[in-house]
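The sequence shown maps to residues -1 to 265 in my numbering.
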Amino acid sequence: MKKMSKVLALALTLVMTVSLLAACGGGQDTQNPENSKEVTVGITLFEPMNYYDENGQLVGFETEFATAVFEKLGMTPKFQEINWDSKVMELNSQNIDCIWNGMTVTDELEAALTLSLPYVQNYQVIAIRAENANKYKTTADLKDAKIDAEAGSAGEQAIQADENLSKAAYTSVPMQTEALKEVKTGAADACVLDFVLAKAMVGQGDYADLAVIPDLRLSVEEYAIGFRKDDALAEQVNTAIVDLYKDGTLMKLAEKYGLAEQLIEQK
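In structure tokens form, the structure reads like this:
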């Protein structure tokens, strides 16, 4: 009996040791970067939000914003390009963990997803070739034109909602930058896109020959981050957003990327 007791005691000791090691190794150690959870962030290339610089490095307001938030949460972002028109499917199929790319808040998205606090205000504008500035001044001037927008975007919705633009020959394209290229080459007469992107690209560089129709706002909207329904990560991110606003980090990023006027106050 004594021998059996010793064997039993040894067995119990081994079980407790294994359990303790499993407990230490399991779960997420948010204090140790080497053990930090990787979060897959769904994006499209959208200057100044997410884009590659001249060195091939992914940069932008959203890139740095997401990195700062997840660093505060002890997590590591992995940025993955997605088809914007399929963003909800990408999220719900768990190919990504969140949509973080200048996503406009809509009733449909509020019903389908859990959204973060809104953080940037935006609106839709119309880009044309500068040589047509006198030809296209209102949406009525474009009712017979060829017009593009990104599939599934707020720009596409703005076209559908406008009584004049909805009569135009509309073509959807995969990305807002593709819409700009269509206008530049003459394949389209105009495109509807986010003001924040137009501000960063239209009238300069490859798009120096394009212009935004002045004093024409199609809709005013807000950007938010999308998570799967009832995902606890949303509330964690909201807390980090407020902290980054209060400590000035978010404003510095907004100033760096020309978005200070569009940044929404976080309380």
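Every residue, glycine too, gets a C-beta built ideally from N, C-alpha and C. Since the model is a prediction, treat every value here as computed from it, not as a measurement.
(message) In chain order, what are the residue ranges of uninterrupted alpha helix (DSSP H) at least 4 long that sit wholly in the stretch 29 to 104?
(response) 59 to 70, 85 to 90
(message) Please report the straight-line C-alpha distance between TRP98 and GLY40, rounded to a whole angstrom.
(response) On the sequence shown, residue 98 is found 100 positions in, with the first residue counted as 1. On the sequence shown, residue 40 is found 42 positions in, with the first residue counted as 1. Cα to Cα, the separation comes out at about 6 Å.
(request) Give the DSSP-derived three-state secondary structure of THR112 in the structure shown. (result) Here residue 112 corresponds to residue number 114 of the sequence shown, with the count starting at 1. Note: THR112 maps to strand in three-state DSSP.
(message) Please report the straight-line C-alpha distance between MET173 and MET47, rounded to a whole angstrom.
(response) In the sequence shown, residue 173 corresponds to position 175, counting from 1. In the sequence shown, residue 47 corresponds to position 49, counting from 1. Approximately 13 Å between the Cα atoms of the pair.
(request) In the DSSP assignment, find the unbroken alpha helix (DSSP H) run with ALA198 in it and report its ends. (result) In the sequence shown, counting from the first residue as 1, residue 198 sits at position 200. Per DSSP, ALA198 belongs to the alpha helix (DSSP H) from 193 to 199.
(message) Could you tell me which whole alpha helix (DSSP H) segments of length 4 or greater appear in the stretch 107 to 161?
(response) 152 to 159
(message) I need the straight-line Cα distance from THR42 to PRO75, nearest angstrom please.
(response) Here residue 42 corresponds to residue number 44 of the sequence shown, with the count starting at 1. Here residue 75 corresponds to residue number 77 of the sequence shown, with the count starting at 1. Using only the alpha carbons, I get a separation of about 15 Å.
(request) Give the secondary structure of ALA185 by DSSP, where H, G and I count as helix, E and B as strand, and everything else as coil. (result) Indexing the sequence shown from 1 puts residue 185 at position 187. Residue state, collapsed to three classes: coil.
(message) According to DSSP, simplified to helix, strand and coil, what is MET170?
(response) Along the sequence shown, one-based indexing puts residue 170 at 172. Going by the sequence as given, residue 170 is Ser instead of Met. DSSP places SER170 in strand when its eight states are reduced to three.
(request) Assign SER91 to one of two classes, buried (16 or more other C-beta atoms within 10 Å of its C-beta) or exposed (fewer than that). (result) The residue labelled residue 91 in the question sits at position 93 within the sequence shown. With fewer than 16 other Cβ atoms within 10 Å, it is exposed.
(message) Under DSSP, the alpha helix (DSSP H) around ILE262 begins and ends at which residues?
(response) Position 264 of the sequence shown holds residue 262. Unbroken run through ILE262: none, as it is neither H nor E.
(request) Enumerate, from N- to C-terminal direction, the unbroken alpha helix (DSSP H) stretches of 4 or more residues contained entirely within the stretch 225 to 261. (result) Qualifying alpha helix (DSSP H) stretches, in chain order: 231 to 244, 247 to 254.
(request) Please go through the same chain and pick out, in chain order, the residues whose beta-carbon is closer than 6 Å to the beta-carbon of VAL218, but skip the five residues on each side of it. (result) Taking the sequence shown and counting its residues from 1, one reaches residue 218 at position 220. Cβ within range, chain order: TYR121.
(request) Between the Cα of LYS227 and those of MET73, GLU106, LYS35, spot the shortest distance and give me the residue it belongs to. (result) Position 229 of the sequence shown, counted from the start, is the residue given in the question as residue 227. Ranking MET73, GLU106, LYS35 by Cα distance to LYS227 puts GLU106 first.
(request) Along the beta strand (DSSP E) that carries ALA209, what are the first and last residues, could you check? (result) Position 211 of the sequence shown, counted from the first residue, corresponds to residue 209. Element bounds for ALA209: 208 to 210.
(request) Please report the Cβ distance between ALA143 and ASP187, rounded to the nearest whole angstrom; I am assuming they are in contact, meaning their Cβ atoms lie under 8 Å. (result) If you number the sequence shown from 1, residue 143 lands on position 145. If you number the sequence shown from 1, residue 187 lands on position 189. Contact holds; Cβ gap of about 4 Å.
(request) Can you grab the Cα-Cα spacing for the pair GLN119 / LYS35, in whole Å? (result) Here the question's residue 119 lines up with position 121 in the sequence shown. Here the question's residue 35 lines up with position 37 in the sequence shown. Approximately 30 Å, taken between the alpha carbons.
(request) Count the other C-beta atoms from every protein chain shown that fall within 10 angstroms of the C-beta of LYS133, then say buried if there are 16 or more, exposed otherwise. (result) The residue you call residue 133 lines up with position 135 of the sequence shown. Exposed, by the Cβ-count rule.
(message) Would ALA186 pass as an interface residue toward chain C - the criterion being a Cβ-Cβ separation below 8 Å?
(response) Reference to chain C is not applicable here, since this structure consists of a single protein chain.
(request) Decide yes or no for the touch test of the stretch 138 to 158 against the stretch 188 to 197: beta carbon pairs closer than 8 Å, at least 3 of them. (result) Touching, yes, given that three or more Cβ pairs across the two stretches are closer than 8 Å.
(request) With a cut-off of 8 Å on the beta carbons, I'd call SER114 and VAL194 a contact; round off their distance for me. (result) Here residue 114 corresponds to residue number 116 of the sequence shown, with the count starting at 1. Here residue 194 corresponds to residue number 196 of the sequence shown, with the count starting at 1. With 8 Å as the limit, SER114 and VAL194 do not qualify as a contact, their Cβ atoms being about 17 Å apart.
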